[in-house]
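Number of protein chains: 2
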Amino acid sequence: MRISEVAERCGLSISTIRFYEKSGLCPFVQRGADGKRKFSKADSDWLELLASLRSTGMPLEEMRAFAELYASGDDKIAERKAALLAHRRRLDDRQTELDRCRVILDRKLQRYAEIMEDQA
Amino acid sequence: MRISEVAERCGLSISTIRFYEKSGLCPFVQRGADGKRKFSKADSDWLELLASLRSTGMPLEEMRAFAELYASGDDKIAERKAALLAHRRRLDDRQTELDRCRVILDRKLQRYAEIMEDQA
DNA sequence: TACCGACCTGAAGCTACTTTAGGTCAAGCG
DNA sequence: CGCTTGACCTAAAGTAGCTTCAGGTCGGTA
Numbered sequence: 001m002r003i004s005e006v007a008e009r010c011g012l013s014i015s016t017i018r019f020y021e022k023s024g025l026c027p028f029v030q031r032g033a034d035g036k037r038k039f040s041k042a043d044s045d046w047l048e049l050l051a052s053l054r055s056t057g058m059p060l061e062e063m064r065a066f067a068e069l070y071a072s073g074d075d076k077i078a079e080r081k082a083a084l085l086a087h088r089r090r091l092d093d094r095q096t097e098l099d100r101c102r103v104i105l106d107r108k109l110q111r112y113a114e115i116m117e118d119q120a
Numbered sequence: 001m002r003i004s005e006v007a008e009r010c011g012l013s014i015s016t017i018r019f020y021e022k023s024g025l026c027p028f029v030q031r032g033a034d035g036k037r038k039f040s041k042a043d044s045d046w047l048e049l050l051a052s053l054r055s056t057g058m059p060l061e062e063m064r065a066f067a068e069l070y071a072s073g074d075d076k077i078a079e080r081k082a083a084l085l086a087h088r089r090r091l092d093d094r095q096t097e098l099d100r101c102r103v104i105l106d107r108k109l110q111r112y113a114e115i116m117e118d119q120a
């Protein structure tokens with residue numbers, strides 16, 4: 001698969017994919033004789049997972065550690081699961097924060113609506 | 001109110017508050033004769049609102065524009081409401097993305113659980 | 001043959017902070 | 001009284017996570 005296709009699939013930009021490779025988040029991506037990256041289905045899936053971890057706030061450093069576990073195969077499954085469970089909790093925190101902000105925002109919008117009512 | 005109290009209340013760090021002031025997000029904060037910032041209740045509330053906008057992804061540039069509307073008082077209420085409504089939609093997008101990532105994460109955790117089952 | 005589009009690299013630029021270095025001032029203590 | 005401590009101040013440098021830019025290599029097409 002070409003880099004543009006993978007970008008399309010996983011929702012990361014082409015430069016972000018290159019940046020991730022350079023940062024050691026997917027060091028296993030192959031190259032063709034022409035020097036271009038060749039992505040397998042597994043590579044694409046991995047980048048999609050990375051994208052969803054990143055977009056919910058996992059730091060690159062932690063993703064790099066996770067990538068290393070991933071690279072050393074199924075005997076690190078327990079550690080990989082632990083890493084994702086830790087992130088799962090962070091996701092719940094995000095949800096809480098999102099709800100909290102929604103309340104603040106909606107209250108403010110309500111107040112604005114009332115002021116505009118009075119002005120009319 | 002001292003800067004440390006405001007930081008406590010609104011959940012921003014002291015340096016972030018100073019940085020926000022320098023960036024024009026709260027140019028109205030008063031100073032004492034000693035040069036120290038003196039925050040009113042309104043200042044604190046404003047920073048709390050900023051914090052919740054920021055933590056749900058509003059860019060500083062947009063916050064700065066919002067701060068300008070805020071500074072010019074109640075005749076800009078309609079525009080302020082429009083800005084918050086636009087952000088409200090962004091918040092919904094975040095929610096959608098969060099849900100999407102939760103599904104991916106939970107599916108992955110499920111897979112790991114199965115693999116560990118097989119290994120046992 | 002000349003150009004186009006998709007890829008490549010390294011380096012600089014950008015956003016939103018955080019950290020550091022160095023300084024002021026009031027309060028408390030021996 | 002001098003000394004330290006702690007909370008504040010500033011300007012500047014550092015950091016994370018990208019994005020953009022400048023410049024170069026291909027394979028295919030008019």
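Just so you know, the protein sequences line up as chains Z and P, in that order. If you use my numbering, the first sequence corresponds to residues 1 to 120, in order. If you use my numbering, the second sequence corresponds to residues 1 to 120, in order. Where a beta carbon is used, it is the ideal one built from N, C-alpha and C, also for glycine.
Below-9 Å beta-carbon distance, residue i vs any chain Z residue
{"i": "K81(P)", "result": "yes"}
{"i": "D93(P)", "result": "no"}
{"i": "S55(P)", "result": "yes"}
{"i": "R88(P)", "result": "yes"}
{"i": "R2(P)", "result": "no"}
{"i": "L49(P)", "result": "yes"}
{"i": "I104(P)", "result": "yes"}
{"i": "Y112(P)", "result": "yes"}
{"i": "L12(P)", "result": "no"}
{"i": "R37(P)", "result": "no"}
{"i": "Q30(P)", "result": "no"}
{"i": "L60(P)", "result": "no"}
{"i": "K22(P)", "result": "no"}
Residue-level contact to chain P via CB, residue i, 9 Å cutoff
{"i": "D43(Z)", "result": "no"}
{"i": "R9(Z)", "result": "no"}
{"i": "T96(Z)", "result": "no"}
{"i": "S52(Z)", "result": "yes"}
{"i": "M116(Z)", "result": "yes"}
{"i": "C26(Z)", "result": "no"}
{"i": "A71(Z)", "result": "no"}
{"i": "R64(Z)", "result": "no"}
{"i": "I77(Z)", "result": "yes"}
{"i": "R100(Z)", "result": "yes"}
{"i": "D34(Z)", "result": "no"}
Three-state secondary structure assigned by DSSP to residue i
{"i": "K36(P)", "result": "coil"}
{"i": "R2(P)", "result": "coil"}
{"i": "L105(P)", "result": "helix"}
{"i": "A120(P)", "result": "coil"}
{"i": "L91(Z)", "result": "helix"}
{"i": "S15(Z)", "result": "helix"}
Candidates the options: closest to residue i by CA position
{"i": "D92(P)", "options": "C101(Z), A51(Z), A82(Z)", "result": "C101(Z)"}
{"i": "M58(P)", "options": "L98(Z), G73(Z), E21(Z), K81(Z)", "result": "L98(Z)"}
{"i": "A113(P)", "options": "R54(Z), I14(Z), E79(Z)", "result": "E79(Z)"}
{"i": "S55(P)", "options": "H87(P), I77(P), E68(P), D34(P)", "result": "H87(P)"}
{"i": "Y70(Z)", "options": "T96(Z), D43(Z), Q95(Z)", "result": "D43(Z)"}
{"i": "R2(Z)", "options": "K36(Z), L12(Z), F66(Z)", "result": "K36(Z)"}
{"i": "E62(P)", "options": "A82(P), Q110(P), R94(P)", "result": "A82(P)"}
{"i": "D75(Z)", "options": "S72(P), Q95(P), A120(P), Q110(P)", "result": "A120(P)"}
{"i": "E21(Z)", "options": "L53(Z), E5(Z), L60(Z)", "result": "L60(Z)"}
{"i": "D106(Z)", "options": "S4(P), L49(P), S72(P), S13(P)", "result": "L49(P)"}
{"i": "D45(P)", "options": "L12(P), F19(P), D118(P), R111(P)", "result": "L12(P)"}
Proximity below 9 Å, CB of residue i to CB of residue j
{"i": "A51(P)", "j": "C26(P)", "result": "no"}
{"i": "G24(Z)", "j": "R64(Z)", "result": "yes"}
{"i": "E29(P)", "j": "K41(P)", "result": "A small correction: the amino acid at residue 29(P) is Val; Glu does not occupy that position in the sequence shown. Result no, Cβ atoms of V29(P) and K41(P) do not sit closer than 9 Å."}
{"i": "R108(P)", "j": "L84(Z)", "result": "Sequence check: residue 108(P) is Lys here, not Arg. Cβ atoms of K108(P) and L84(Z): closer than 9 Å."}
{"i": "A7(Z)", "j": "I17(Z)", "result": "yes"}
{"i": "I115(Z)", "j": "I77(P)", "result": "yes"}
Segments assigned beta strand (DSSP E), at least 3 residues, entirely inside the region 21-88 of chain P: none
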